[in-house]
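K.L.:
Using this note's numbering, the letters of the sequence shown correspond one by one to residues 212 to 562.
All C-beta atoms in this analysis are idealised placements derived from N, C-alpha and C, irrespective of residue type, glycine included.
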Amino acid sequence: MHVPDGFINAPVSAVAGVVAAGAVAVSLRGARRELDERTAPLAGLVAAFIFAVQMLNFPVAAGTSGHLLGGALAAILVGPYTGVLCISVVLLMQGILFADGGLTALGVNITVMGVVTTVVAYVLFRGLTAVLPRTRRSATVAAFVAALVSVPAAAGAFTLIYAVGGTTDIPIGKVLTAMVGVHVLIGIGEAVITALTVGAVIAVRPDLVHGARGLATPLKLRIGGELVDAPVAAPAPVAVAARSTRKVWATGLATAFVLAGFVSFYASASPDGLEKVAADKGIDTQVEEHAAADSPLADYGVKDVSDTRLSGGLAGVIGVGATVAVGSGVFWAVRRRRTDEPAATTVTETV
212 MHVPDGFINA PVSAVAGVVA AGAVAVSLRG ARRELDERTA PLAGLVAAFI FAVQMLNFPV
272 AAGTSGHLLG GALAAILVGP YTGVLCISVV LLMQGILFAD GGLTALGVNI TVMGVVTTVV
332 AYVLFRGLTA VLPRTRRSAT VAAFVAALVS VPAAAGAFTL IYAVGGTTDI PIGKVLTAMV
392 GVHVLIGIGE AVITALTVGA VIAVRPDLVH GARGLATPLK LRIGGELVDA PVAAPAPVAV
452 AARSTRKVWA TGLATAFVLA GFVSFYASAS PDGLEKVAAD KGIDTQVEEH AAADSPLADY
512 GVKDVSDTRL SGGLAGVIGV GATVAVGSGV FWAVRRRRTD EPAATTVTET V
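1) Starting from Ile219, follow its DSSP beta bridges and name the residues at the other end.
2) Tell whether a beta-carbon distance below 7 Å holds between Tyr511 and Phe260.
3) Between Ala389 and the rest of its own chain, which residues show a CB-CB distance below 8 Å, the 5 nearest in sequence each way excluded?
4) Which of helix, strand or coil does DSSP assign to Glu560?
5) Which value, in whole angstroms, describes the spacing of the CA atoms of Leu253 and Ile381?
6) When the Cα of Gly410 is compared with those of Ala365, Lys385, Thr346 and Ser276, which residue comes out closest?
7) Cβ atoms of Asp247 and Arg457: under 7 Å apart, would you say?
8) Is there a C-beta anywhere in chain C that falls below 7 Å from the one on Gly377?
9) Report the partner residues of Asp483 according to the DSSP bridge assignment.
10) Who are the Cβ neighbours of Gln206 in its own chain at under 6 Å, not counting the five residues just before and after it?
11) Can you give me the start and stop residues for the alpha helix (DSSP H) that Ser299 sits inside?
12) Going along the chain, which residues of its own chain have a beta-carbon closer than 6 Å to the beta-carbon of Ala354, five neighbours each way excluded?
13) Per DSSP, what kind of secondary structure is Ala225 in: helix, strand or coil?
14) Where does Gly325 land, buried or exposed, given buried means 16+ other C-beta within 10 angstroms?
15) Check the C-beta distance from Ile320 over to Leu343 and give it rounded, since I have them as a contact under 8 Å.
16) Here's a check: name, in chain order, each residue in its chain whose Cβ is nearer than 7 Å to the Cβ of Thr496, leaving out the five neighbours to either side.
17) CA-CA distance, Ala365 and Thr519?
18) State yes or no: is the C-beta of Val375 within less than 7 Å of the C-beta of Leu335?
19) So what does DSSP say about His213, is it helix, strand or coil?
20) Would the segment 217-235 count as touching the segment 259-279 if we require 3 or more Cβ pairs under 8 Å?
21) Secondary structure at Val420, three-state DSSP: helix, strand or coil?
22) Suppose you measure from the CA of Ala423 to the CA of Thr351; what does that come to, to the nearest Å?
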């Protein structure tokens, strides 16, 4: 759903830029409450992972594909404020290095793909986890629903912006129907990817999942025919908090490199939802050439490398490396500096 230059007029793009800048500024302050020395590098990893998975377009209908937006995944894993920053870093890297998403439309893209998806998904996720049983499975189900809804919500947000500042005269009802319709299908793919990822991380390291904090149900013991809360040993939380994140970070980064450097070659070549709707409805008649069209990595290929597989793979690896470096630097700079041992998170299941 990367909006190129020319879809939205200059005044509305400027307003969207101000909105996006304000959201990023608020998120920088909020992220200080979500990040510390232990979780800041993981936030950079989340940004790199989202960059990699966004390269994996999957078919959703005849001649149309979709890809992960990532707002729900980022918000659940590292928090809503940090999530907005993660998507902003990804969009910035894509726009500057790969000519993906217009530079004058960067504010529109951050607002639609970063702010809307993150806020909608996290609010819905927290609402669902408040009423569902407090288990890992419930958190995974809530992640699925939150991610599913966040994608058509972003499509609706784009349609609203287009209604105000679109550069072509297209009946807005047709745009809304087409955008929401195709992005509901894309949302299913988003939901599957998000739920699988969140579920996998919760299963291995629930203490690293921001959205899973406080969701655990205490271990139950049956005594005299009744279930009672089992006592929790005091040293256990410290042990969980002190566990190293290096293995998770290394595994996640290796996965991102494999996805971007190898699996991306098999991604669908069909236009994504926005591109398809734009072509069908005539939204793209005023599209402008990207300012970074001459970038050596434009269109996710390395200039002067003739082998398509090698070119795309190298571009993906470079993109993941650049994103994790920039993202980790940003999150390390804004992290909360703790002088004492951070409070531990314990997650157990009902038996």
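P.N.:
Once the coordinates are examined:
1) Counting from 1 along the sequence shown, the entry for residue 219 is found at position 8. DSSP output for Ile219 lists Gly377 as bridge partner(s).
2) Stepping through the sequence shown from its first residue, residue 511 is reached at position 300. Stepping through the sequence shown from its first residue, residue 260 is reached at position 49. Against a cut-off of 7 Å, the Cβ pair of Phe260 and Tyr511 comes out as no contact.
3) Against the sequence shown, residue 389 aligns to sequence position 178. These residues qualify, in order along the chain: Val488, Asp491 and Lys492.
4) Numbered from its first residue, the sequence shown carries residue 560 at position 349. Residue confidence is low: Glu560 scores 42 on pLDDT, short of 50, so the model does not pin down where it sits. Its coordinate-derived value is still stated next. In this structure, Glu560 counts as coil in the three-state DSSP scheme.
5) Position 42 of the sequence shown, counted from the first residue, corresponds to residue 253. Position 170 of the sequence shown, counted from the first residue, corresponds to residue 381. Rounded to the nearest angstrom, the two C-alpha atoms are 43 Å apart.
6) Within the sequence shown, residue 410 is the residue found at index 199, counting from 1. Here the closest residue by C-alpha is Thr346.
7) On the sequence shown, position 246 is the one that residue 457 refers to. On the sequence shown, position 36 is the one that residue 247 refers to. Cβ atoms of Arg457 and Asp247: not closer than 7 Å.
8) Annotation note: the requested chain C is absent from the structure, which comprises a single protein chain.
9) Position 272 of the sequence shown, counted from the start, is the residue given in the question as residue 483. Per DSSP, Ser276.
10) Outside the modelled stretch of the chain, which goes from 212 to 562, sits residue 206, for which no answer is possible.
11) Within the sequence shown, the letter at position 88 stands for residue 299. Note, Ser299: alpha helix (DSSP H), Pro291 to Phe309.
12) Start at 1 with the first residue of the sequence shown, and residue 354 comes out as number 143. Ile287, Thr405, Ala406 and Val409.
13) Within the sequence shown, numbered from 1, the residue matching residue 225 stands at position 14. If DSSP states are grouped into helix, strand and coil, Ala225 belongs with the helices.
14) For this step, residue 325 is matched to residue 114 along the sequence shown. Result: buried.
15) Start at 1 with the first residue of the sequence shown, and residue 320 comes out as number 109. Start at 1 with the first residue of the sequence shown, and residue 343 comes out as number 132. Inspection of the sequence shows that residue 320 is occupied by Asn rather than by Ile. Their Cβ separation, rounded to whole angstroms, is 32 Å, which puts Asn320 and Leu343 out of contact at 8 Å.
16) Within the sequence shown, residue 496 is the residue found at index 285, counting from 1. Closer than 7 Å at Cβ, skipping near neighbours: Thr379.
17) Within the sequence shown, numbered from 1, the residue matching residue 365 stands at position 154. Within the sequence shown, numbered from 1, the residue matching residue 519 stands at position 308. Each residue's alpha carbon lies about 32 Å from the other.
18) Position 164 of the sequence shown, counting from 1, holds the residue named residue 375. Position 124 of the sequence shown, counting from 1, holds the residue named residue 335. Cβ atoms of Val375 and Leu335: not closer than 7 Å.
19) The count along the sequence shown starts at 1 and reaches residue 213 at position 2. It is coil, neither helix nor strand.
20) no
21) By 1-based counting over the sequence shown, the position of residue 420 is 209. Three-state DSSP puts Val420 in coil, outside helix and strand.
22) Mapped onto the sequence shown, residue 423 falls at position 212. Mapped onto the sequence shown, residue 351 falls at position 140. Using only the alpha carbons, I get a separation of about 10 Å.
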